[in-house]
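Take the sequence shown: its position 33, counting from 1, is numbered 168 in the numbering used here, and each next residue is one higher.
From the three backbone atoms N, C-alpha and C, an ideal C-beta is built for every residue, glycine too.
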Amino acid sequence: MGMPSMPELLIILAIVVLLFGAKKIPELAKGLGSGIKNFKKAMKEDDEEVTASKEKIEKSESKAEATEIKENEKKA
């Protein structure tokens, strides 16, 4: 299944106009746009949270390695 062709899009647009009326379409588009915007914002925040968690884990791992090296040097 690929993208719909131009005639298919026109038929879908005609059905939407018949169902909702021409005056409702801008409101529907605005709602759809804000929904997409909120979704992208949430995805970005999630990515930033994951990145921050990875950095925190890497820092704690490097601290643990440094501590282990110091302990090994004391034993030697």
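In the DSSP assignment, the alpha helix (DSSP H) including S197 goes from what residue to what residue?
160–210
Distance, Cα to Cα, G168 vs S195?
Each residue's CA atom was taken as its position, placing G168 and S195 some 41 Å apart.
If you reduce the DSSP assignment to three classes, tell me which class A149 lands in.
In this structure, A149 counts as helix in the three-state DSSP scheme.
Please state whether DSSP places P142 in a helix, a strand or coil.
helix
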